[in-house]
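At the far end of the sequence shown sits residue 530, using my numbering, and the numbering has no gaps.
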Amino acid sequence: MSNLVIVGTQWGDEGKGKIVDLLASSADAVVRFQGGHNAGHTLVINSKTFKLSLLPSGIVRQKLSIIGNGVVVDPIHLEKEIREITNQGINVNSSNFVISSDCFIILPIHKYIDSLRENQKKGSKKIGTTGRGIGPAYEDKVSRRGIRFSDFKNLEELKEKFISIYNHHNVWIEKFEGKELSYRDDFETILKCYQNLSKYMDKTWLLLKQLNDKNRKILFEGAQGFYLDLDHGTYPYVTSSNTVASNASTGSGSNPKYLKKTLGITKAYTTRVGNGPFPTEEDNDVGEKLGKIGNEFGTVTGRKRRCGWLDILMLKKAITVSGINGLVLTKLDVLDSFKDIKICTSYKINNQIVQDYPSNLSSQQSIVPIYETLQGWEEKTKGITKFEKLPLNAQNYVKRISTLVDCDIDIISTGPERDENIILNEAFN
Ligand code: GDP
Ligand code: IMO
Ligand code: MG
């Protein structure tokens, strides 16, 4: 049995999609376990670009792709994404795509509330959400008002649930907007989507048990990143799900004893989209340069990503909490033209040296990063597939990170294409 969990170690967009696609070649199934279509994963295969938000990245290799119970699903979006990927020549059918009937759904009212709330907040108080209704849908789940796909079995009870959700939110919407939203059209729209999607629905916990019983290789695909985790991230500037590796079990119904290895995907520098603390942010020419070379624009919203240097303290906490036993260092090539490269190795907060990522928001906002500066390599690494072929200073950068975080680097990604990688340790073994 050799299952693998893949999680982001920063604020998302570390290149998880590319790595899941790479490793899916050795997997029998790929499973999403949290988040929703707030995720945006870009895969580049022979110069052809695929953008996925909700479908597991394994679908491009036509691997069995599973959406686990922990994912919130917008049925309207899912239908659209299936249509789009089908138009790109990828076949999605009930043999290669399965959704848990336990998934909670995102309704149009959730998307509406997401935007309304963000619009009411001022300046840096805005979270900078993707506006896709993720937070409000998870809130309804936690407050036991939510609707699951399995609820569509009884249409009378389903209608009552719709009415109760719309009544609940309309109190607030009416106060701020002076009007209420009607559930009627949304009910009909979502019911039609369900009818089109129901062929994909099943008990995915049971399917995973059967796969595990047959010793199949399962890859669990995390969305977002460690610092967007609801419990462990930079709260309240986080998403509304747990992005840590242990949630692969809860969010899919897979027995935790089957989770063997966790790979942490780490960008060779750091980016963040949306508001919130970012200790190593370079809000200057350096950040601009990283963003320009790295093409740091959000897949989902097109927003410019904030950029800065690699932060070792962030990585250490992510490694500890997610039980990461191997790192994948992505976008090393983006650093090719930098004369000096900085790594943050400790923090100063209120004149005190700190070695662990602080929990409290105001402490996080007061961090002064302390850097170690390494010499850049100022040579092209793009597309290199052998470690020895990397310039010496690039080798030193990779080794230094591994030493500082005390974790192996298993793969180095040197470009967006599927085959632009240096494989140091096989992920499935
Ligand atoms: P994800 O959300 O973690 O899957 O990451 P995104 O797809 O949102 O963002 C990563 C971006 O970097 C995508 O556009 C990838 O095509 C690209 N990418 C991934 N790995 C590399 C790499 O090693 N070098 C470069 N230059 N681009 C990469
Ligand atoms: P992938 O899977 C980067 C961020 C949003 C915002 C915060 C809350 O592509 O790495 P939400 O809509 O989830 O309520 O927004 O989380 N965010 C992401 N940032 N990558 C993502 O996913 C993200 N998903 C959510 O920008 O700051
Ligand atoms: Mg992304």
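Don't be surprised by glycine CBs; every beta carbon is placed ideally from N, CA and C.
Determine the direct distance from the alpha carbon of residue 519 to that of residue 375, and round the result to whole angstroms. Against the sequence shown, residue 375 aligns to sequence position 274. Against the sequence shown, residue 519 aligns to sequence position 418. Spanning the two alpha carbons is a distance of roughly 28 Å.
Report buried or exposed for residue 190, applying the criterion of at least 16 other Cβ atoms within 10 angstroms of its Cβ. For this step, residue 190 is matched to residue 89 along the sequence shown. Exposed, because fewer than 16 other Cβ atoms sit within 10 Å of the Cβ of residue 190.
Please classify residue 515 as buried or exposed, where buried requires at least 16 other C-beta atoms within 10 Å of its C-beta. Looking up residue 515 in the sequence shown gives position 414. Classification for residue 515: buried.
Would you mind sorting residue 165 into buried or exposed? The rule is 16 or more other CB atoms within 10 Å of its CB. As a first step, residue 165 must be located in the sequence shown, where it is residue number 64. Label assigned to residue 165: buried.
For residue 340, is the beta carbon positioned less than 7 Å from some heavy atom of the ligand IMO? Here the question's residue 340 lines up with position 239 in the sequence shown. True, at least one ligand heavy atom lies under 7 Å from that Cβ.
Just to confirm before moving on: does the CB-CB distance between residue 298 and residue 180 stay below 8 Å? In the sequence shown, residue 298 corresponds to position 197, counting from 1. In the sequence shown, residue 180 corresponds to position 79, counting from 1. Against a cut-off of 8 Å, the Cβ pair of residue 180 and residue 298 comes out as a contact.
Just tell me which of 529, 103, 523, 524 has its CA closest to the CA of residue 312. Within the sequence shown, the letter at position 211 stands for residue 312. It is 103.
Could you compute how far the alpha carbon of residue 117 sits from the alpha carbon of residue 259? Walking along the sequence shown from the start, residue 117 turns up at place 16. Walking along the sequence shown from the start, residue 259 turns up at place 158. Rounded to whole angstroms, residue 117 to residue 259 spans 36 Å at the Cα level.
Nearest to residue 370 by CA position, among 432, 257, 136, is which residue? For the purposes of this step, residue 370 is identified with residue 269 of the sequence shown, where counting begins at 1. Measuring from the Cα of residue 370, the nearest candidate turns out to be 432.
Tell me whether residue 138 sits in a helix, a strand or coil according to DSSP, three-state version. Stepping through the sequence shown from its first residue, residue 138 is reached at position 37. Residue 138 falls in the coil class under three-state DSSP.
Could you tell me which uninterrupted alpha helix (DSSP H) segments, each at least 4 residues in length, are contained entirely in the stretch 282–327, listed from first to last along the chain? Within the stretch 282–327, the complete alpha helix (DSSP H) runs of at least 4 residues are 285–298, 305–314.
In chain order, what residues of the same chain lie with their CB nearer than 6 Å to the CB of residue 288, ignoring the 5 residues before and after it? In the sequence shown, residue 288 corresponds to position 187, counting from 1. Excluding positions up to five away in sequence, the list reads 263.
Residues bridged to residue 365 (per DSSP): Translated into positions along the sequence shown, residue 365 becomes position 264. According to DSSP, residue 365 bridges with 108, 428.
So, does the stretch 420–428 touch the stretch 442–458, judging by three or more C-beta pairs under 8 Å? no
Compare the beta carbon distance of residue 324 and residue 136 with 8 Å and say whether it is the shorter of the two. Taking the sequence shown and counting its residues from 1, one reaches residue 324 at position 223. Taking the sequence shown and counting its residues from 1, one reaches residue 136 at position 35. Remark: C-beta atoms of residue 324 and residue 136 approach each other more closely than 8 Å.
Taking the DSSP output, what are the residues bridged to residue 250? Counted from its first residue, the sequence shown places residue 250 at position 149. In the DSSP output, where bridge partners are listed per residue, residue 250 has none listed.
Are the stretch 229–241 and the stretch 111–131 touching by the rule of at least three beta carbon pairs closer than 8 Å? no
Could you tell me the distance, in whole angstroms, from the CA atom of residue 109 to the CA atom of residue 176? As a working mapping, residue 109 is identified with position 8 in the sequence shown. As a working mapping, residue 176 is identified with position 75 in the sequence shown. Their Cα atoms are separated by approximately 25 Å.
Shorter than 7 Å, the distance from the beta carbon of residue 130 to the closest heavy atom of the ligand MG, or not? Locating residue 130 in the sequence shown gives position 29, where the first residue counts as 1. Not under cutoff, so the answer is no.
I'd like the span of the alpha helix (DSSP H) that includes residue 387, first residue to last. As a working note, residue 387 is residue 286 in the sequence shown. Counting along the chain, the alpha helix (DSSP H) containing residue 387 begins and ends at 386–394.
My output table needs one value for residue 533: the three-state DSSP class, helix, strand or coil. Because the chain in this structure spans residues 102 to 530, residue 533 falls outside the shown range and cannot be described.
Is DSSP giving residue 404 helix, strand or coil here? Translated into the one-based positions of the sequence shown, residue 404 becomes position 303. Reduced to three states, the DSSP call for residue 404 is coil.
Using the C-alpha atoms, what's the distance from residue 254 back to residue 385? Taking the first residue of the sequence shown as 1, we reach residue 385 at position 284. Taking the first residue of the sequence shown as 1, we reach residue 254 at position 153. So the alpha carbons of these two residues sit roughly 55 Å apart.
Burial state of residue 393 (16 or more Cβ within 10 Å): Position 292 of the sequence shown, counted from the start, is the residue given in the question as residue 393. When all chains shown are included, residue 393 counts as exposed.
Report the option in 499, 480, 479 whose CA atom is closest to the CA atom of residue 488. The sequence position of residue 488 within the sequence shown is 387, counting from 1. Comparing Cα-Cα distances from residue 488 to each of 499, 480, 479, the minimum goes to 499.
Nearest to residue 290 by alpha carbon, out of 361, 206, 467? Start at 1 with the first residue of the sequence shown, and residue 290 comes out as number 189. Nearest option by C-alpha distance: 206.
Out of 358, 379, 282, point me to the one whose CA is closest to residue 225's CA. Stepping through the sequence shown from its first residue, residue 225 is reached at position 124. Among 358, 379, 282, the Cα nearest to that of residue 225 belongs to 379.
Distance between beta carbons of residue 106 and residue 307, contact taken as under 8 Å: Position 206 of the sequence shown, counting from 1, holds the residue named residue 307. Position 5 of the sequence shown, counting from 1, holds the residue named residue 106. No, residue 307 and residue 106 are not in contact; Cβ-Cβ is about 20 Å, not under 8 Å.
Which residues in the same chain as residue 209 place their Cβ atom closer than 6 Å to its Cβ, once the five residues preceding and following it in sequence are excluded? Here residue 209 refers to the residue found at position 108 when the sequence shown is read from its first residue. Same-chain partners within the cutoff: 287.
Burial state of residue 112, where buried means 16 or more other Cβ atoms lie within 10 Å: Counted from its first residue, the sequence shown places residue 112 at position 11. It counts as buried.
Hey, how far is the Cα of residue 124 from the Cα of residue 145? Here residue 124 corresponds to residue number 23 of the sequence shown, with the count starting at 1. Here residue 145 corresponds to residue number 44 of the sequence shown, with the count starting at 1. Their backbone Cα atoms lie some 14 Å apart in a straight line.
With distances taken Cα to Cα, identify the nearest neighbour of residue 204 among 218, 219, 235. In the sequence shown, the residue the question calls residue 204 occupies position 103. When each option's Cα is compared against that of residue 204, the closest is 235.
Cα-Cα separation, residue 438 to residue 501: Start at 1 with the first residue of the sequence shown, and residue 438 comes out as number 337. Start at 1 with the first residue of the sequence shown, and residue 501 comes out as number 400. Distance between the alpha carbons of residue 438 and residue 501 is about 19 Å.
Can you determine whether any heavy atom of the ligand MG sits closer than 7 Å to the C-beta of residue 140, and answer yes or no? As a position in the sequence shown, residue 140 is number 39, starting the count at 1. Under cutoff, so the answer is yes.
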